[in-house]
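**Student:**
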Amino acid sequence: RMGNDLTGFGGQSFKLRVSISYFRLIPILAALAVSSNPVIVLIGGCLGIFAMRLVAQVITTFIDRVPELETAAYILVGLIAIKLGLSLPMIDVKTPDWLFSVLVVLVFIWAGWRHVEHEKHHHSMYKKSKP
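Under my numbering, read the sequence shown as residues 12 to 142, first letter to last.
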C-alpha cells in the first residue's frame with residue numbers, strides 16, 4: 012500500500028515541492044494585482060523562478076564539492092537567529108552591521124580552512140595507503 016500514501020518520504024517530498032511552488036507563485040500573483048502590464052510580470056516571474064532554480068543547483072553542486080559550507084550555512088543561520096533575537100523590542104540590543112559582516116567573513120574563512128585541512132588529511136591518507 013505504498014502508492015497512495017502521502018506520509019512516507021515520497022509523500023513528504025511531494026508536499027514540500029507543492030508548498031515551495033505555492034510560495035513561488037504568491038509574489039507573482041501579488042505583482043499581477045498591482046501591475047498594469049501582466050505580461051511583463053509573468054515573464055519576470057518565470058525568469059525569477061528559473062534563476063532561483065539555477066542558483067539552487069549551482070549552490071548544491073558547490074556544497075557537494077566543499078561540504079564544510081553546509082556547516083558554515085548552519086552557523087550563519089544561527090548567527091542570524093541571534094541577531095534577530097537581540098533586535099526584538101523587548102530586548103532591543105542593536106548589533107552593528109559591520110560586526111555581523113565580519114562574523115560572516117570569519118565563518119567562510121573557517122569553512123575554507125577546514126576544507127583545506129580535510130583535503131590535506133585525505134591526500135596524506137591516500138598516499139600512505141598506496142604501496
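Here a beta-carbon is modelled for each residue, glycine too, at the ideal position from N, C-alpha and C.
Judging by CA-CA distance, which residue of Trp121, Leu53, Ala67 and Ser98 is the nearest neighbour of Ile86?
**Tutor:** Trp121
**Student:** Does the Cβ of Ala44 have 16 or more other Cβ atoms within 10 Å, making it buried, or fewer, making it exposed?
**Tutor:** exposed
**Student:** For a quick check, are the C-beta atoms of Arg80 and Ile74 less than 8 Å apart?
**Tutor:** It should be noted that the sequence gives Leu, not Arg, for residue 80. Against a cut-off of 8 Å, the Cβ pair of Ile74 and Leu80 comes out as a contact.
**Student:** Near Phe111, what residues of its chain come up, given a Cβ to Cβ distance below 8 Å and the 5 sequence neighbours on each side ignored?
**Tutor:** Leu90 and Lys94
**Student:** Taking Cβ to Cβ, would you say Ala42 is nearer than 8 Å to Val52?
**Tutor:** Going by C-beta atoms, Ala42 is nearer than 8 Å to Val52.
**Student:** Quick one: what does DSSP say Asn48 is sitting in, helix, strand or coil?
**Tutor:** coil
**Student:** Considering Leu90, what are the terminal residues of the alpha helix (DSSP H) in which it resides?
**Tutor:** Segment Glu79 to Leu97, the alpha helix (DSSP H) holding Leu90.
**Student:** If we call anything under 8 Å between Cβ atoms a contact, is Ser60 one with Arg28?
**Tutor:** A small correction: the amino acid at residue 60 is Ile; Ser does not occupy that position in the sequence shown. Not closer than 8 Å, so no.
**Student:** Can you tell me whether Lys105 is helix, strand or coil according to DSSP?
**Tutor:** coil
**Student:** Let me know if Val118 comes out buried or exposed under the rule of 16 or more other beta-carbons within 10 Å of its beta-carbon.
**Tutor:** buried
**Student:** To the nearest angstrom, report how far apart Val127 and Trp109 are at their CA atoms.
**Tutor:** 27 Å
**Student:** Looking only at its own chain, which residues have a Cβ that is under 7 Å from the Cβ of Arg125, when we skip the five neighbours before and after it?
**Tutor:** Glu79
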